[in-house]
Structures are given as C-alpha cells and as structure tokens.
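For the sequence shown, the positions run -23 to -1, 1 to 179 when mature numbering (1 follows the signal peptide of the UniProt record, and there is no 0) is used. Cβ coordinates follow ideal geometry from the N, Cα and C atoms, glycine included. Read through the structure below, which is laid out as structure tokens, and then see the notes.
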Amino acid sequence: MPPKAVMSLLAVVCFWHADKCVCFPNGSVAFSCEDMTPVHPPFTPSTSIPPVTVSTSSANYRPGGVITVTVEVLEKSSLEFEGFLLQARSRSQQALLWPVGKFTNIDTKQFTALHCKNMENSSVSHASGDKKKKVQLTWEAPSNSNYEEIYFSATLVQDYARFWVQLNSSSLRLDSTGSSATGVFYSLALLFINLLSLPAYC
C-alpha cells in the first residue's frame, strides 16, 4: 500500500477512535501545559459559560505561603466533569508567566502531578475519568515575590466532545507585609542591642 494511503487510513482510524488515540483518562496531559487545550479532534473548546467556579481560600498570597484552590460545579447544576487541568499563572510586566508555584499534599489516587516546564508539581490534573463535581488542592507560592498578581487557570472536560479551556479565578495580590514587618523588627532589635553596648558616660 502506498505511504500516502497508509497515512490516510491511520487518520481515519484515529478520527473514529479518537478517544483511544489521544484521550488520557489518567491525566497525563503534560503536552497541554502551555495552552491548556485538550487534543480531542475534531472538537474545539466550548464557548458557552460553564456552571463552574474556580475559587481560592484567600484574595492575597505571601511568598512561600499556602492557598487552597477549589474547582467546583455550581450547586444547582447537574454538570459533572471527567477531567481537569489546573495551574497558577501571572502577568508580570506585561509578560505571561506560567506555571507559578507548586501544588503540595497531592492525593495520587485522585490527582496526577505534572512537571510543566520541568517544574515539579507545578500543575495538576485528574488521575481517572471518574465523574466529579468538585476538586480541591493545596498550592504553595514561590519564595520570591517577582510574580506580582497571580491567578489560577483551569481546563474542565465534561466528556470527549465538550470541554472548556482557561477558566480563571479572581486575581490574588501579593502580600509582603509579613516579611516587611519582620525586617523592621529585626532592624530595631539590632539598634537596641547596639545602644546597650555603648559605654555610659555620667
């Protein structure tokens, strides 16, 4: 059989059995790290608004601090999803930076840790195709504060033909007051010690 005919036949087989060719029910979707788009030919991301929220336990974050992130279907909706992809992103100095920080305490029975851009646990996806209405994960901010405002971005897969890409949470502002206060306290303590060490003149 000519090579072109073989390629055409392979394309037809993958089209009719797309779920077996490119679907990853175990969440190993690292190739989607950048644009967060599942490879589900011939389907494209849905443009409808899903009844889903991406929320965080705080509106601020601190360097090295921990945030709880929740992806959840609205209470009155019957929607269930099979898969998801979640990561933190930032727009710092007009440049899109991703991923930011890492996820911790990952339950490997429920979730698959992804090392996007060779950054350990920087993104998380599903570990199985079981139906879900809610996932909750713990995220740790990077120790430096170069990322300014960050947000969480999620892709949600209802089934092979229907999915939403880059559903974003509200932005989280950088809170560096804790580290600043510590620095001020340390400086005052050093000043006090130096004053005590000065000789007394009567």
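The beta carbons of glutamate 117 and valine 31 sit no closer together than 8 angstroms. Alanine 72 counts as exposed, since fewer than 16 other C-beta atoms from the protein chains shown sit within 10 angstroms of its C-beta. Cα atoms of proline 27 and serine 153: separation of roughly 34 angstroms, rounded to the nearest angstrom. The three-state secondary structure of threonine 89, taken from DSSP, is strand.
A distance below 8 angstroms between beta-carbons, with the five flanking residues on each side excluded, links threonine 33 to the following residues of its chain, in chain order: Ile44, Thr45, Val46, Thr47, Phe129, Ser146, Ser147 and Leu149.
Comparing alpha-carbon positions, the option among Tyr124, Val29, Ile83 and Lys94 lying closest to threonine 115 turns out to be Ile83. CA-CA distance, serine 23 to leucine 151, rounds to 32 angstroms. Sequence-distant partners of lysine 86 (beyond 5 residues in either direction) whose C-beta falls short of 7 angstroms from its own C-beta, in its chain, are Ala104. Nearest in C-alpha terms to proline 40, of all of Gly78, His17 and Glu59, is Gly78. The three-state reading of DSSP puts threonine 45 in strand, counting E and B together.
The secondary-structure analysis by DSSP pairs glutamate 57 with nothing; it has no beta-bridge partner. Straight across, the Cα-Cα distance linking lysine 111 with valine 142 is about 17 angstroms. Bounds of the beta strand (DSSP E) holding leucine 114 are 111 to 117. For serine 69, same chain residues with a beta-carbon under 6 angstroms away, outside a window of 5 residues either side, are Tyr124 and Glu125 in chain order.
When DSSP states are grouped into helix, strand and coil, asparagine 123 belongs to the coil group. Under the DSSP assignment, tryptophan 141 falls in the beta strand (DSSP E) whose first and last residues are 139 to 145. Closest in alpha carbon position to phenylalanine 80, among Arg139, Tyr38, Val16 and Leu63, is Leu63. When secondary structure is reduced to three states using DSSP, asparagine 82 falls in the coil class, being assigned neither helix nor strand. When DSSP states are grouped into helix, strand and coil, serine 9 belongs to the helix group.
Residue pairing by DSSP places histidine 103 opposite Phe88 in a beta bridge. In the displayed model, asparagine 98 falls within coil according to three-state DSSP, outside both helix and strand.
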